[in-house]
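Visitor:
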Amino acid sequence: MEMTMQAKKQKSARRMRLFKNQIWLQLFAIIGVVFMLLFSIVPMFGIIMAFKNYSINQGIAGIFTSDWVGLKHFKEFFGEQRFPELLRNTLALSTLKLIFSFPMPILLAIMLHEARNMRYKKFVQTVSYFPHFISWIVCYGVVYALASEKVGVLQDMLMKIGLISEPVPFLTSPNWFYGVSVVLSIWKSSGWWAIIFLASISGIDPELYEAAVVDGAGRLKRIRHITLPGIKGSIVTMLIISIGSFLGGGLVGSNFEQSYLFGNALNNSTAELIQTYSFKVGLVHGRFAYATAISLVESCVSLFLILTSNFVAKKTAGSGLF
Amino acid sequence: MKFRTKEDYIVDTVNYILLGIVAIVTIYPFWYVFVLSFNDGYDALVKGIYFWPRKFVLDNYIAFFTDGRWLSAFGVSVVRTVIGGVCTTLFTCMVAYAHSRPNLMFRRFYSLLLIFCMYFSGGLIPFYVTLRSYNLLNKFWVYIIPGLLSYFFVIVARSFFSELPPELMEAAKIDGASDLGIFFRVVLPVSTPLLATMLLFQAVNHWNSWVDSAYYVRDESLRTLSYRMMEVINKSNISDAMAQSSSAMAQMAEANRTTSFSLQCASLVVCIIPILCVYPFLQKHFVQGMMIGAVKG
Amino acid sequence: MKTKSFLSLFAVAVLVLSLFAGCSGGGNTTSASTASGTAATGSSADQTKAPSSEAASANDGKIVDLTLFVDETWWSYNTWEGKIPQMVTEKTGVNIIPTVAVDENQLQLMVSSGDLPDMICSYRFDRLSDSALCYSYNELIDQYAPDFEVDPVTKYVNSTLHDGKFYVIKNDFASPQKWKDNPKALHQGPGISFRKDILEGLGNPEINSIEDLENVYDMVLAQYPGVVPIVAEGMDNSFRYMKVQLAVHSDNFYEDEAEQLKWRGRDPQLLEWYKLMNKWYHKGYWTADNLAFKNADQYKQVLMNGEAFSLMAYDNTADTVNTEMKAAGKDYYMVAKPEWLTDEATLFDYRIGWRGLFITRNCSNPEAAINFAKYAYSEEGQQFLLWGEEDVDWHYGDDGYPVFDTWEPSDKNSIMALGVRYWGWLTCDNIVNGMGQGVGYEQTFDVKRYLTDRTERKVYIGMANPAADSDESATLSRVNDLLKTEGVKVLLADNEDGVVTAYNNMITMAESMGLNDLEAWANSVYPQIKEGYFAITDE
């Protein structure tokens, strides 16, 4: 459509007016942009490390002066002997966490919401987030004390009840690693993330519940038709973000810490992830260029996942992240 | 009119039992840590401690409170948590509110920029160098300023703000309020569950973060409490490179004979207790939302 | 609403703070030692190489502050305090401000950003031996401390392959000549110990060979159910005691009959060790979870709960564990066994030290730093840092070994009150430290004596170390990691044939990772290393 000079001037004048109208909003958004510029965009210069033969001994200047090696680090990464195994392990753990750990905070939030006794509800809610504060290292120590084959308290208890006849290799068998990790991540994060969903539930108009009761809907029906749809926005948001950080373990996260701490020589075949392997042969030896290349791959995958899931969410649930 | 159906009873019972299990499962390990922190280190290695310390000692805690560095670390952490928590919450809400307005020009751009920044980063070294060029290193503000915008919470808050009834804002506009005024006088006051949640998450984040204290600060007096805790905990952590040298392992085994685990538990407890004290105050605010429903009935 | 939360937060903070303030009366505070620079001349040992009074006067009696970064997270000392450090400050004019690493990334960040401290104590020899990062000792000695004498072999092994200068003197090393000259010095290595009560219960059987040992383990299995015969250190050093008995090489490379360097994974004795340990695994002598132990506490736990018979760890573990068990109220006692089980038992020591003091280019006062290093590496300095003040904290016993008077190696509180011992570990060499290592313990001395007599040293092998960031270095770390992960599969194979198959599989995998190139590189530098070495020694 052709625009005359006049029309163009009018359009830009209108836009200027619109802009001035929402000047405060724009300012709010702009301070966000400034922040992102200063603390995210500027440091991104380091990404070029991934394509260079950089050694940290060269200092910062070395990031710019070292030789370009193109995709050498990426080829090295994908050509690692153990790459298929690492990929499988990372995908398996992340997928299990998405399926089993993601719904837990929602479930917990609903359960808490449904509890009538105020004191009990507050108590359980307060207590449920305790594990979030236990750092993974101490968590490992606690789990070891409870579940190690020789001295684990849990093993003794289970044997006394008669459930098992000899100690279960929770921490040393490759078969148990995923199960233990998923259970621990549920234990550690559900209470904490439930807070977000609880805040969301508290925003649902109580009159909806009143109306439903009058209509004769039972508890479960009310949960299904009011609570869940009421927090649909939050669920979709958190799900998309979870998928975005899929490789790191999603919302409940901690793939790296769990693999690093609970992985050992015995369960290594299922416990070694891309991130921990890259740490051990990359970062520990100061090979930052290599490590940057790997994290660049991870970032691209995450971006792809989040854009895709956002698209799907828009098509199916009607609303996405952006 | 409220009466309880059979379904109500069943659901309630099951719910209470499940919640009870949740409570036990989450509280027991913490209780175990608490108990061990009061137990003698060597004795803790022997089986049999379940619910109560067997050899009660205060040694593990005395180690902290007689060290002046812990006191200053505590102070730093408290100040950082309060200032950081409030500033981040405010800043993030401002940005998120703008993003939530559908009439915002360049909205798509802002959104995409945010997502891009969330997932791509140059890594530790460039970030360090950037902070250095802004002259933020080794200063208290390095704890606050780089954390002002929480990308994750921009998204959460944005969803929350976009679900607020538009009539609220329109009524205020009609009364002649500017967007600034609307934000501070209309939007924020009705967003208490969101603010309480964000404040809690950010405060805890600041309280627990030790990595910035490790990398961006040299001055011992600026170290945070969580850093001191990690110092203690990492004492029994040995890197793979060191593990290859048996002399190093032998030395470490000899030097660490006042055993680590009880001490680690004590340092963890010292770090957690303050949060446990503060949380009940904040919990009030999002429970409030739930209470409105109960009262109205 | 919000103001209320803030007020409550502040109230709580104030409350807790005041509580703490009440409790912390009279605690330690970090304080820089402000002793004036009068040179306090301690008693000098016979062969002193460090004129301490000169150092202090070199700084014009002023105390120089030098920051030191200790690259090991487990380091016990966070501050430079105590009688011994203060006296060292008086002698050298240097006050150390230490920072202990909290994780491995801190050093890398410092290196790449250029914000290095004055001195670094680290094991990352290949990375830090770089003239862009650190001063070489050669240039500092030439310029400031020409009287800093370094043993030529020590100088040689610490010199880099790429520029022939040395940037550090690594600890825990001494030339073979020095070992010959100091027959009393004791080496360090693995050891085995047994539970006394069970041994007595079995009738105190003789254990003079591997077969004897197996018989005893069989007896334990039969008569003491619930007790596992062997518990050992985990991770890389599992069952190292048996490696010594079977003469397995444990350093990166070893020399085969054709005088070629080979990676340790190829050692035929290693395969024998795998076979033996595999046999023992199937007999039930040790359990698989042992391989997953991550720290000393985990094997100590098994011991303390009475569920293990013998412990394979270090030469001094028997004594240290006995102290701890007593403290925990258990009356188990571990008897150490110093004698070897086989004729071929050898402790191969090809290492050239592993941790040392680097002086960085950022050092604010290199002269003070090199003089401090001169003192710390001198015999007098080492003895002072390790043992304390002569004739006050320790004295020479009649047998030529030191006797500790004011502190005990098994009592960490007494050590930390003085500020002794652990600082010495940064710079001690094998000879001085070797004299003091066996002192103050009951059984360790004998174990060390036997160890030392059977140690074989070929220091030039240890010099074949690839440069940081090189392809060879990446390959070496990969194959060593492979040894850990695949090695487990070899150890736990179903039978002896399975062991051989898995072992061969592992070697094939290593070769596909570039092992042959790595060995080719090693053999390309090896001849000149040997040549240089034999040129300065008369072996």
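Chains Z, W and B, in that order, give the protein sequences. Letter 151 of the first sequence, counting from 1, is numbered 186 in my numbering, and no numbers are missing. Letter 244 of the second sequence, counting from 1, is numbered 237 in my numbering, and no numbers are missing. Letter 308 of the third sequence, counting from 1, is numbered 315 in my numbering, and no numbers are missing. In this text, a Cβ means the ideal position worked out from N, Cα and C, and glycines have one as well. This one's a predicted model, so the numbers in the text were calculated from it and none came from an experiment.
1) Does G32 (chain B) pass the burial test, meaning 16 or more other C-beta atoms within 10 Å, or should it be called exposed?
2) DSSP three-state call for E397 (chain B): helix, strand or coil?
3) If we ignore side chains and look at the alpha-carbon of each, how far apart do Y325 (chain Z) and L331 (chain Z) end up?
4) Report the option in B:Q267, B:M242, B:E279, B:G233 whose CA atom is closest to the CA atom of V255 (chain B).
5) Per DSSP, what kind of secondary structure is A16 (chain W) in: helix, strand or coil?
6) Among the residues of its own chain, which have a CB less than 6 Å from the CB of R464 (chain B), if the five just before and after it don't count?
7) Starting from I366 (chain B), trace the beta strand (DSSP E) both ways and give me its first and last residue.
8) In the DSSP assignment, the beta strand (DSSP E) including Y130 (chain B) goes from what residue to what residue?
9) On the three-state DSSP scale, how would you describe W87 (chain B)?
10) How many Å lie between A376 (chain B) and F365 (chain B) at the Cα?
11) In angstroms with no decimal places, state the Cα-to-Cα distance between A196 (chain W) and I236 (chain Z).
12) Would you mind sorting I148 (chain W) into buried or exposed? The rule is 16 or more other CB atoms within 10 Å of its CB.
13) Are the C-beta of E149 (chain Z) and some C-beta of chain A separated by less than 8 Å?
14) Assuming contact is defined by CB atoms lying nearer than 8 Å, are L143 (chain Z) and S216 (chain Z) in contact in what I supplied?
15) Mind reading off the beta-carbon distance from R202 (chain B) to Y339 (chain B)? Whole number of angstroms is fine, and I expect it under 8 Å.
16) In chain order, what residues of the same chain have a beta carbon less than 8 Å from the beta carbon of L425 (chain B), not counting five sequence neighbours either side?
17) What residue does the beta strand (DSSP E) around M341 (chain B) start on, and which one ends it?
18) According to the neighbour-count rule (16 or more other Cβ atoms, all chains shown, within 10 Å of its Cβ), is P27 (chain Z) buried or exposed?
19) Considering only C-alpha positions, which residue in the set W:N32, W:V72, W:I108, W:W63 is nearest to E213 (chain W)?
20) Figure out for me which residue from W:T82, W:I175, W:L181, W:F27 has the closest Cα to the Cα of I137 (chain W).
21) If the criterion is Cβ atoms closer than 8 Å, does the pair Y142 (chain B) and C370 (chain B) meet it?
22) Within a Cβ cutoff of 7 Å, which residues of the same chain sit near Y403 (chain B), ignoring the five residues on either side of it in sequence?
23) On the DSSP bridge assignment, give the partners of W270 (chain B) in chain order.
24) Which residue or residues does DSSP assign as beta-bridge partners of C141 (chain B)?
25) Work out the CA separation of K307 (chain B) and I265 (chain W) for me, nearest whole Å.
26) Buried or exposed: R154 (chain Z), going by 16 or more other Cβ atoms within 10 Å of its Cβ?
27) Where does T462 (chain B) fall in DSSP's three states?
28) Is it a yes or a no for the segment 333 to 347 of chain B touching the segment 153 to 162 of chain B, going by three-plus beta-carbon pairs under 8 Å?
29) DSSP has T561 (chain B) in a bridge; who is on the other side?
30) Listed from N- to C-terminal order along the chain, which residues in the segment 140 to 151 of chain W have their beta-carbon within a distance smaller than 8 Å of any beta-carbon of chain Z?
31) How far does the alpha helix (DSSP H) with F339 (chain Z) in it extend, from its first residue to its last?
32) Just the C-alpha distance for S477 (chain B) and A315 (chain B), rounded to the nearest angstrom, thanks.
33) Between B:I104, B:I217, B:V95, B:G388, which lies nearest to L75 (chain B) when the distance is taken from Cα to Cα?
34) Since E0 (chain W) meets chain Z, which of its residues come closer than 8 Å, beta carbon to beta carbon?
35) Decide if K333 (chain B) is buried, meaning its Cβ has at least 16 other Cβ atoms within 10 Å, or exposed.
36) Taking Q57 (chain Z) as the query, report the chain W residues whose CB atoms sit under 8 Å from its CB, ordered along the chain.
Guide: Checking against the coordinates, here is how it stands:
1) Per-residue confidence for G32 (chain B) stands at a pLDDT of 29, beneath the threshold of 50, marking its modelled position as unreliable; the derived number appears in the next sentence. Result: exposed.
2) strand
3) 10 Å
4) B:E279
5) helix
6) P183, D356
7) 363 to 366
8) Unbroken run through Y130 (chain B): none, as it is neither H nor E.
9) coil
10) 10 Å
11) 22 Å
12) buried
13) The chain inventory of the structure shown lacks chain A, comprising the protein chains Z, W and B.
14) no
15) 6 Å
16) G89, K90, I91, G395, D400, T413, W414
17) 341 to 344
18) For chain Z, the structure presents residues 36 to 357; residue 27 (chain Z) sits outside this window and is missing.
19) W:W63
20) W:T82
21) yes
22) P409
23) B:F260
24) B:T367
25) 29 Å
26) exposed
27) strand
28) no
29) In the structure as shown, chain B begins at 8 and stops at 546. Residue 561 (chain B) is therefore absent and cannot be evaluated.
30) L141, L142, F145, V147, I148, V149
31) 323 to 352
32) 44 Å
33) B:I104
34) G253, R254, L255
35) exposed
36) R94, N96, L97, M98, D172
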